[in-house]
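Protein chains in written order, with the numbering used here: chain A, 1 to 417; chain B, 1001 to 1436.
No residue lacks a Cβ here, since even glycine has one placed at the ideal position from N, Cα and C.
In what follows, a structure is listed as structure tokens, so that the remarks can point back to it.
Set out below in structure tokens:
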């Protein structure tokens, strides 16, 4: 049996927090059932953009992208397959394709769909798909890379950021991967991916010690079979779920199993169980995770209109990571600007909470235990936060409730996941 | 040129921290969201900073004359560090009069006739976007440093950034070079306003005990409370969340951000107003920096983060607006600090994590390389000549070799701040006569 505190922890780290009633449904459930609740979803991936018209290219992309991103976050806030969606978000950080560069709403959404399809699937399949994905071919210049003039942008990041890490490759490996991947390009007008043999250098390359690498499949095979790959990916997921600084020895058995089949779901399952056993430490929630969890707990339905501006003020815009390495680590979101913007966003969310929502009602009644529970902290607020929340006294009961709920959302207990 | 340290700082190879572990110590990579929701309408810079397309709000090319400069504050020396994220192509920034340059760059080489002349120097010219810097050059306030790079310069963005931030290549990240200086000179309680990063945080400020402030967009930085809620009462309640600090370090760091933020809002509200509607990242942030320096004597270090310099494809169109913004931003900055009477106490340096390959690639761009160029600017600079060189005769794997260690510039910058320079840098680096 899993304590309510650990269920709430799992919801914060492996999902998008707790919707009203979600914790009650899991109370006293066996560990396997709790894990299964979060790992739900083996069927076709849900598609938040199914009825949305997506331009192949646009000069004024903001409304299109903002609408697509809002649908993505809406889906996260209401998901019944929390871990699959949370891992989609992790893979977005991992591959970090930016709409600022890609400029095609269709290609960016197709990229998000690809990440969701493989989120809990097989890492080789994921990496193979990303390597010839239209958005990635634009983002890291693969579409312009030819046998006569290989562009090293993707080849380098494939090794350093996506698979084996900095210590595991040489400059010669960067060149080898870049040469073997030449020939993949896109039709600018249609954003259709195609392989053009005359743009490809078919000369066999040696990549990470493996000879005979000459095309995308042999590149991906050489990369994922390298001994550095499984620990690198395991470490990435472990840092997100369990926090930084987890001893690799603790996750080594999971990494070894992952190396054998590259299946993501059992790896995540194992890491979740480590967390339920108390492995790991605190992490700062990134703005997207914090915002989605707040919208989920407050049951505000969709994430608020204007969510892109809110996220920009907090310093994290989906589909617009600051650079090829993805979003900064969560601790960066204790910066002054994120701290200030979080207050503004919390106020807007608090104003949208309605009577009948447990967090709203607890804030109005001044019931701090119930408020903490409704916001996914079954152990309650610490004494400093409790004293500050209890002292809130505004002109009307409604504004007192809004101020108290706003403060609760920006309290250290809520900023730390 | 001897840029070796006279005492071995004890560099030993060791397994590096992961990129995220490194970044976790100090914040963003210097490329956080910036400058309005124009992020999707910006340049096509691959994987880096948005660059607003509109240049509609030009900076004044010269400040109004200040007949009797009256120092508005009595602050000490100030260092401004402009980090050009992505790896700026030095060869197209400070352009050499060298046939080997033109041979390597048939598509993107800048023609001699297009370059901005630097009086007294025949063998280099500036990218046209840097024309505003000629005012500094003519006054001897500008020293370009050619062939600059870190020992064992990496072509990886993240490894290179790590070593440029730490000033301690090859060792696990244990704080930024400015963070170490702040710790070494910390007198009282940490004052977060001592170092301010604009345009995102920077691990070069990561410290053991000192604190700093990081703001993405100072023009949109305020505490907005919900309608119907009293601003002052709310701010007091918000502050109460941080008093007393928890014994648990992560909780305490989240708490400590609250009073720092409230104080930074007070200080930056006025400073950021100076940039008006300027949407050019470097110009807007440098205008804010100048105003901050004039108004806030506690601030000794300002870090400006701009990006977009990772020009793998279509470099000419991509780099020109970036350098144009940088050039007018630096010129406007010195106009402003001169007008406020603060120029004499201000030094500015530019950094970028690596240079780019000598030869252009097949996409009219350049791939990651090694040595590049940096600028050292201010009245305290011994300017008017190019320091260092581009060593075409000894290319390393197609890259310019490093002939000036970055730590020589860091040493001059730390000397400017009053040191202790060699202690912070773990060795004595040749200052190259950069300071007058």
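Close beta carbons around residue i, own chain, < 7 Å, minus the five adjacent residues each side
i	result
residue 1063 of chain B	With a pLDDT of 35 at residue 1063 of chain B, under the threshold of 50, the predicted position of this residue should be treated as unreliable, though the coordinate-derived value follows. Excluding residues within five positions, the ones whose Cβ falls inside 7 Å are 1335, 1336, 1338, 1339.
residue 255 of chain A	230, 231, 234
residue 57 of chain A	103, 104
residue 1221 of chain B	1215, 1265, 1268, 1272
residue 49 of chain A	68, 71, 109
6 Å Cβ shell around residue i - same chain, five flanking residues per side excluded
i	result
residue 401 of chain A	363, 364
residue 134 of chain A	107, 186, 191, 193
residue 208 of chain A	173, 222, 226
residue 46 of chain A	none
residue 1361 of chain B	1367
residue 1178 of chain B	1204, 1205, 1301
residue 212 of chain A	204
residue 1429 of chain B	1005, 1407, 1408, 1411
residue 154 of chain A	140, 142
residue 130 of chain A	95, 136
residue 239 of chain A	none
residue 1024 of chain B	A caution first: residue 1024 of chain B carries a pLDDT of 33, below 50, which makes its placement in the model unreliable, though a value can still be read off. None.
Limits of the unbroken beta strand (DSSP E) element including residue i
i	result
residue 1379 of chain B	Per DSSP, residue 1379 of chain B belongs to no beta strand (DSSP E) and is neither H nor E.
residue 1124 of chain B	1121 to 1126
residue 1083 of chain B	1078 to 1084
residue 1349 of chain B	1346 to 1351
residue 186 of chain A	184 to 187
residue 1148 of chain B	1142 to 1149
residue 1241 of chain B	It is not in any beta strand (DSSP E) - residue 1241 of chain B carries neither H nor E in the DSSP assignment.
residue 1118 of chain B	1116 to 1118
residue 1207 of chain B	Counting along the chain, residue 1207 of chain B falls outside any beta strand (DSSP E), and DSSP gives it neither H nor E.
residue 1214 of chain B	1213 to 1215
Same chain, Cβ closer than 8 Å to residue i, five either side skipped, listed in chain order
i	result
residue 225 of chain A	210
residue 1191 of chain B	1211, 1298
residue 1314 of chain B	1044, 1363, 1364, 1365
residue 1382 of chain B	1140, 1143, 1433, 1434, 1435, 1436
Range covered by the alpha helix (DSSP H) that runs through residue i
i	result
residue 1270 of chain B	1249 to 1273
residue 287 of chain A	287 to 298
residue 398 of chain A	397 to 410
residue 138 of chain A	134 to 139
residue 1094 of chain B	Segment 1094 to 1096 is the beta strand (DSSP E) holding residue 1094 of chain B; no alpha helix (DSSP H) there.
residue 129 of chain A	123 to 131
residue 1294 of chain B	1281 to 1295
residue 1436 of chain B	Per DSSP, residue 1436 of chain B belongs to no alpha helix (DSSP H) and is neither H nor E.
residue 1390 of chain B	Note, residue 1390 of chain B: premise wrong, no alpha helix (DSSP H); not H, not E.
residue 1137 of chain B	1134 to 1138
residue 8 of chain A	4 to 14
Pick from the options that is closest to residue i, judged by C-alpha positions
i	options	result
residue 1296 of chain B	B/1407, B/1371, B/1263	B/1263
residue 1175 of chain B	B/1207, B/1095, B/1313, B/1098	B/1207
residue 178 of chain A	A/164, A/198, A/215	A/215
residue 1259 of chain B	A/250, A/336, A/413	A/336
residue 1391 of chain B	B/1241, B/1111, B/1123	B/1123
residue 1270 of chain B	B/1283, B/1287, B/1281	B/1287
residue 17 of chain A	A/54, A/305, A/286	A/286
residue 1280 of chain B	B/1153, B/1330, B/1355, B/1165	B/1330
residue 1358 of chain B	B/1399, B/1341, B/1348, B/1228	B/1399
residue 1278 of chain B	B/1242, B/1312, B/1328	B/1328
residue 275 of chain A	A/163, A/241, A/94, A/117	A/241
residue 374 of chain A	A/65, A/296, A/339, A/55	A/296
residue 311 of chain A	A/342, A/283, A/199, A/328	A/342
residue 412 of chain A	A/314, A/391, A/403, A/377	A/377
Cβ-Cβ separation, residue j to residue i (assumed contact under 8 Å), whole Å
i	j	result
residue 1121 of chain B	residue 1134 of chain B	Not a contact, Cβ separation roughly 11 Å.
residue 86 of chain A	residue 293 of chain A	With 8 Å as the limit, residue 86 of chain A and residue 293 of chain A do not qualify as a contact, their Cβ atoms being about 11 Å apart.
residue 1268 of chain B	residue 1302 of chain B	In fact, because the Cβ distance is near 11 Å, the residues do not count as touching under 8 Å.
residue 379 of chain A	residue 22 of chain A	Between residue 22 of chain A and residue 379 of chain A the Cβ distance is about 17 Å, and since that is not below 8 Å, they are no contact.
Checklist entry - Where in the segment 192 to 270 of chain A do unbroken runs of the beta strand (DSSP E), each at least 3 residues long, occur, reported from the N-terminal end onward? => result Counting only runs of 3 or more, we get 192 to 195, 205 to 207, 210 to 213.
Checklist entry - Enumerated in chain order, which unbroken segments of the alpha helix (DSSP H) with a length of 4 residues or greater are wholly contained in the segment 308 to 371 of chain A? => result Runs found: 336 to 352, 358 to 365.
Checklist entry - What are the complete beta strand (DSSP E) segments, minimum 3 residues, inside the segment 1301 to 1337 of chain B? => result Correct list: 1301 to 1306.
Item to check | Secondary structure, beta strand (DSSP E): runs of 3+ residues fully inside the segment 144 to 172 of chain A | outcome: Whole beta strand (DSSP E) segments, 3+ residues: zero.
Checklist entry - In the segment 1159 to 1205 of chain B, which residue ranges form an unbroken beta strand (DSSP E) of at least 3 residues, counting only runs that do not cross its ends? => result DSSP assignment within the segment 1159 to 1205 of chain B yields the following whole beta strand (DSSP E) runs of 3 residues or more, N-terminal first: 1195 to 1198.
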